[in-house]
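To start, the structure under review is shown below, and the notes come after it.
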Amino acid sequence: MNFLQRMALAGAGAALAGGGAFAQTAPLTPPVAPIKPKVFTDFGIQRTDNYYWLNKPTDPAVLKYLNAENAYYDQQMAAVVPLQKKLAQEIKNRIKQEDATEPYRDNGYYYYSRYEFGREYPIYCRKKGSTIGTEEILLNGDEMGSSQKYFQIGDWAVSDNNQLLAFSTDTVSRRLYTLRFRNLATGKDYPERIQNTGGEMAWAADNKTVFYTRKDVTTLLPYQVYRHVLGTDPKNDALVYEEKDNTFNVHVSRSKSKKYIGLNLVSSLSSEYRYLDAAAPAEQPKVFQRREKDHLYDVEHLGDKFYIRTNLGAPNYRLMVTPVTATGKSAWTDALTRHPEIFLDRFELFSNYVVLNERKGGLRQLKVVSLKDKQEHYIQFEEPAYTATIGVNAEMDTPVLRYNYTSLTTPNSIFEYDMSTRTNTLVKEQPVLGNYNKFDYVTERVFVKSRDNKFIPMALVYKKGTKLDGTAPLLQYAYGSYGFSQDPTFSAARLSLLNRGFVYALCNIRGGQEMGRQWFEDGRMSHKINSFNDFIDCSEYLTKMQDVRVGNATVKKQFTAKDKLFAMGGSAGGLLMGAVVNMRPDLYKGVIAAVPFVDVVTTMSDPSIPLTTSEYDQWGNPANEEEFKYMLSYSPYDNVEKQAYPNMLVTTGLHDSQVQYFEPAKWVAKLRATKTDKNLMLLHTDMAAGHGGASGRFKSIDDTARQYAFLLMLMGKTL
5 MNFLQRMALA GAGAALAGGG AFAQTAPLTP PVAPIKPKVF TDFGIQRTDN
55 YYWLNKPTDP AVLKYLNAEN AYYDQQMAAV VPLQKKLAQE IKNRIKQEDA
105 TEPYRDNGYY YYSRYEFGRE YPIYCRKKGS TIGTEEILLN GDEMGSSQKY
155 FQIGDWAVSD NNQLLAFSTD TVSRRLYTLR FRNLATGKDY PERIQNTGGE
205 MAWAADNKTV FYTRKDVTTL LPYQVYRHVL GTDPKNDALV YEEKDNTFNV
255 HVSRSKSKKY IGLNLVSSLS SEYRYLDAAA PAEQPKVFQR REKDHLYDVE
305 HLGDKFYIRT NLGAPNYRLM VTPVTATGKS AWTDALTRHP EIFLDRFELF
355 SNYVVLNERK GGLRQLKVVS LKDKQEHYIQ FEEPAYTATI GVNAEMDTPV
405 LRYNYTSLTT PNSIFEYDMS TRTNTLVKEQ PVLGNYNKFD YVTERVFVKS
455 RDNKFIPMAL VYKKGTKLDG TAPLLQYAYG SYGFSQDPTF SAARLSLLNR
505 GFVYALCNIR GGQEMGRQWF EDGRMSHKIN SFNDFIDCSE YLTKMQDVRV
555 GNATVKKQFT AKDKLFAMGG SAGGLLMGAV VNMRPDLYKG VIAAVPFVDV
605 VTTMSDPSIP LTTSEYDQWG NPANEEEFKY MLSYSPYDNV EKQAYPNMLV
655 TTGLHDSQVQ YFEPAKWVAK LRATKTDKNL MLLHTDMAAG HGGASGRFKS
705 IDDTARQYAF LLMLMGKTL
């Protein structure tokens with residue numbers, strides 16, 4: 005047990021060590037964090053942070069405060085504990101507990117993972133030659149994680165001779181992974197343990213050399229690539245590459261062809277690929293195309309060519325090709341006909357085909373192109389809002405594409421599509437227990453006109469029979485950052501809200517890439533306000549009577565009302581929540597901000613805080629006066645006002661590696677001291693988890709049940 009865990013277990017009775025007491029004089033009285041002003045002065049502007057002292061996780065006063073907030077949360081939520089337990093149980097009851105993924109073929113083996121009844125973690129397995137062969141267990145997650153408060157298998161890879169396994173694990177939730185090795189013939193682990201890695205690895209073709217990344221333990225940036233020879237002391241591992249620019253992340257990979265080891269050097273707006281022959285691991289990596297400002301590209305290999313997805317002269321990306329003997333961009337030529345209005349999200353190479361995962365009209369599509377004659381066609385989908393993505397396709401010499409399909413009403417499904425005969429086969433649809441019938445629910449897709457005349461895609465789902473006259477509660481969700489697109493997907497847990505009369509709305513606000521690269525550009529840096537305005541415009545749309553097109557008819561619908569509208573976002577989506585409650589707190593009955601990034605200016609001013617330097621291109625660098633002032637204009641923590649705020653549930657994890665726990669903790673303390681209402685303001689800190697919450701498939705259900713119980717409590721439901 006580490007120091008932080010010991011302090012967390014000490015609870016609210018832990019002794020203070022000179023930190024100043026906080027008030028908690030009676031049940032249901034919220035903790036009051038001591039005010040200890042710290043003044044920041046930048047460009048003649050003074051900012052006072054009264055709660056900067058919460059930045060020290062080893063301070064007993066900090067841990068006592070977090071535990072007091074948890075105790076207050078427990079008091080306020082006590083009436084709905086039976087409801088929370090009921091929600092957790094019904095969500096769990098929809099899960100097929102003894103289940104397995106669909107096997108995929110790679111190098112003579114079929115690989116899959118499975119769960120055993122009542123167990124938290126997956127078991128990774130394979131069978132030789134066919135799916136009916138003898139099972140061989142590679143990693144037993146339950147045995148490995150059963151004694152841990154947190155456990156995650158990061159990545160794993162099998163050597164070319166099928167005899168060795170490299171794998172990584174995290175037992176803290178800081179995403180600092182320990183790399184280990186196993187002899188699959190004997191089941192014995194090698195003695196070496198390599199700590200503080202990025203979790204990923206790539207085998208060379210010699211079946212003894214492994215490439216891996218190492219992280220800076222302070223900033224958590226993967227910045228080095230090492231070469232390890234199995235059976236040797238990791239202290240002697242050779243440094244292959246070190247990134248000196250702290251706005252870049254470093255990753256390693258193996259090409260699908262198995263011919264090359266790749267070093268992927270990536271920042272927000274620029275990238276560089278270096279590579280070496282997997283059969284010559286001692287060689288130094290060669291630069292494929294040197295990095296350039298605003299040039300992003302990624303590379304895959306087939307035969308005597310490299311294929312490149314690049315934004316070179318193409319904001320929505322294009323697919324180019326070059327001989328393996330000439331990798332500089334001057335040799336690149338278009339591999340396919342360009343469609344500038346369609347965003348190229350990803351591509352997958354086969355011996356005779358290339359499959360493009362494109363975005364058109366905000367939805368993902370799959371286009372199949374023959375490499376022989378360039379004939380192309382799309383796979384057709386019927387639902388108004390769906391997600392279709394390229395699945396696991398480990399081998400190249402096959403005409404069969406495996407892809408994933410889901411929607412707000414269709415459970416996650418795996419299809420195999422024969423690209424030569426154009427025939428589609430459903431391989432597996434994820435079971436949903438409890439007599440789930442997708443036709444009991446309705447999904448819609450609308451485009452909301454923004455205040456600056458853009459059209460924001462929004463997907464909605466609700467149970468048939470739900471009245472759309474303003475009386476239904478509604479949960480509105482969005483993310484809107486980093487170009488990460490939020491596609492409509494199925495959630496068995498969400499049924500617990502839909503079955504209780506909720507409508508769910510997914511908003512594709514600017515900052516994502518659902519509508520192409522410009523959609524991202526219009527939601528970052530000095531355009532970030534668009535993300536917040538888009539969400540608010542969607543909220544306004546949802547709370548007013550609208551003429552909605554249904555088939556050939558137009559019907560009037562009001563999806564919800566202000567006193568029944570709830571908003572939710574996490575991480576950078578938590579920044580969204582923080583901004584909209586400052587701007588339009590009157591719109592929402594309640595808000596859930598999960599692991600929210602809310603102290604933008606202070607965090608982005610401190611390069612020692614994890615991920616800061618790699619995100620200058622997203623938010624700006626406060627060392628620049630113009631960027632500093634723009635961030636300050638919307639930073640949720642800096643813009644808390646003396647006004648009424650909605651009911652709020654804020655969650656965090658003590659070991660969060662992406663958004664440090666102290667951001668939401670400080671934000672809640674400041675909101676409590678400033679707001680004028682008597683609405684609920686709750687902070688829940690998971691003292692044993694990080695950014696993704698609790699590990700394990702059942703433990704994480706408790707997080708969801710906690711959020712749903714909060715929403716239902718505000719609607720007057722206690723069971």
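Counting in our numbering, the sequence shown runs from 5 upward without gaps. Positions of the beta carbon are idealized from the N, C-alpha and C atoms, including for glycine. Predicted model only: the values in this text are computed from it and were never measured.
Cβ atoms of Tyr277 and Tyr264: under 7 Å apart, would you say? No Cβ-Cβ contact shorter than 7 Å links Tyr264 with Tyr277.
Pick out the complete beta strand (DSSP E) segments inside the segment 329–379, 3 residues or longer, and give them in chain order. Counting only runs of 3 or more residues that sit fully inside the segment 329–379, the beta strand (DSSP E) segments are 347–353, 357–364 and 367–374, in chain order.
Quick one: is His381 buried, meaning 16 or more other Cβ sit within 10 Å of its Cβ, or exposed? Flag for His381 reads exposed.
Leaving aside the five residues before and after Pro589 along the sequence, list all residues of the same chain whose C-beta is less than 8 Å from its C-beta, in chain order. Around Pro589: Gln647, Ala648, Tyr649 and Pro650.
Return the chain-ordered list of same chain residues with a C-beta closer than 8 Å to the C-beta of Pro41, the five sequence neighbours on each side being excluded. Hits under 8 Å: Thr52, Asp53 and Asn54.
C-beta atoms of Phe570 and Leu715 nearer than 7 Å: Leu715 sits close to Phe570, with the two beta carbons spaced by under 7 Å.
To the nearest angstrom, how far is it from the Cα of Arg295 to the Cα of Val358? C-alpha separation (whole angstroms): 26 Å.
Opening and closing residue of the beta strand (DSSP E) in which Ser172 lies: Where Ser172 is concerned, the enclosing beta strand (DSSP E) stretches over Leu168 to Asp174.
Integer-rounded CB distance, given that Arg514 should sit under 8 Å from Gly484: Yes, they are in contact, since the Cβ atoms of Gly484 and Arg514 sit about 6 Å apart, within 8 Å.
Please work out which residues of its chain come closer than 6 Å, Cβ to Cβ, to Ile198, disregarding the five sequence neighbours upstream and downstream, and give them in chain order. Correct list, in chain order: Leu183 and Pro238.
Buried or exposed, going by whether 16 or more other CB atoms sit within 10 Å of the CB of Asp473? Exposed is the call here.
Enumerated in chain order, which unbroken segments of the beta strand (DSSP E) with a length of 3 residues or greater are wholly contained in the segment 501–560? Segments of the beta strand (DSSP E) lying fully in the segment 501–560: 507–511 and 550–554.
Per DSSP, what are the beta-bridge partners of His299 in this structure? Beta bridge pairing from DSSP links His299 with no other residue.
With 16 other Cβ atoms within 10 Å as the buried cut-off, status of Ala30: Legend: pLDDT at Ala30 = 44, less than 50; position of this residue unreliable, value from coordinates given subsequently. Ala30 should be labelled exposed.
Compute the distance between the beta-carbons of Met652 and Val604, then report whether it is under 7 Å. Against a cut-off of 7 Å, the Cβ pair of Val604 and Met652 comes out as no contact.
Would you report the Cα separation of Leu323 and Ile49, rounded to the nearest angstrom? C-alpha separation (whole angstroms): 47 Å.
In terms of DSSP beta bridges, what is Val602 paired with? Note: Val602 is not bridge-paired with any residue in the DSSP secondary-structure output.
DSSP-derived helix/strand/coil call for Met11: With a pLDDT of only 30 at Met11, under the threshold of 50, the placement of this residue in the model should not be trusted; the figure read from the coordinates follows. Helix.
Closer than 8 Å is the cut-off here; do at least three beta carbon pairs connect the segment 422–434 with the segment 450–466? Judged by Cβ distances under 8 Å, the segment 422–434 makes no contact with the segment 450–466, as fewer than three pairs qualify.
With distances taken between CB atoms, is the gap from Asn211 to Asn166 smaller than 7 Å? Not closer than 7 Å, so no.
So for Asp159, helix, strand or coil by DSSP? DSSP places Asp159 within a strand segment (E or B) once states are collapsed to three.
So what does Phe4 bridge to, in DSSP terms? Examination of residue 4 is not possible in this model, given that the chain is present from 5 through 723 alone.
Please tell me whether Ser417 and Pro492 are closer than 7 Å, where the distance is taken between their beta carbons. Contact: no.
Exposed unless 16 or more other CB atoms sit within 10 angstroms - verdict on Gln93: When all chains shown are included, Gln93 counts as exposed.
DSSP state of Asp146 mapped onto helix, strand, coil: Annotated three-state conformation of Asp146 is helix, per DSSP.
Measure the C-alpha to C-alpha separation of Ala339 and Thr331 and round it to an integer number of angstroms. Cα-Cα distance, rounded: 14 Å.
Check whether the segment 665–675 and the segment 178–194 are in contact - that is, three or more C-beta pairs closer than 8 Å. Under the three-pair Cβ rule at 8 Å, the segment 665–675 does not count as touching the segment 178–194.
Express the C-alpha separation of Ile705 and Gly365 in angstroms, rounding to a whole number. If I take the Cα positions, the gap works out to 33 Å.
Taking the alpha helix (DSSP H) that Leu87 belongs to, which residues open and close that run? Taken as a continuous stretch (DSSP letters only), the alpha helix (DSSP H) holding Leu87 covers Val85 to Asn97.
Taking DSSP as the reference, what is the three-state secondary structure of Glu124? Correct three-state label for Glu124: coil.
Closest residue to Lys467 among Asn441, Ala482 and Gln480 (Cα-Cα distance): Proximity to Lys467 across Asn441, Ala482 and Gln480 peaks at Asn441, based on C-alpha coordinates.
Cβ-based burial, Ser530 [other Cβ within 10 Å; buried from 16]: By the neighbour-count rule (16 or more Cβ atoms within 10 Å), Ser530 is not buried but exposed.
Which residues share a DSSP beta bridge with Pro195? For Pro195, DSSP assigns no beta-bridge partner whatsoever.
On the three-pair Cβ rule with 8 Å, is the segment 559–577 touching the segment 543–551? Cβ pair count under 8 Å is three or more, so yes.
Are the beta-carbon atoms belonging to Leu360 and Ala392 less than 7 Å from one another? Result no, Cβ atoms of Leu360 and Ala392 do not sit closer than 7 Å.
Short Cβ contact (7 Å threshold) for Arg218 with Thr201: Note that the C-beta distance between Arg218 and Thr201 is below 7 Å.
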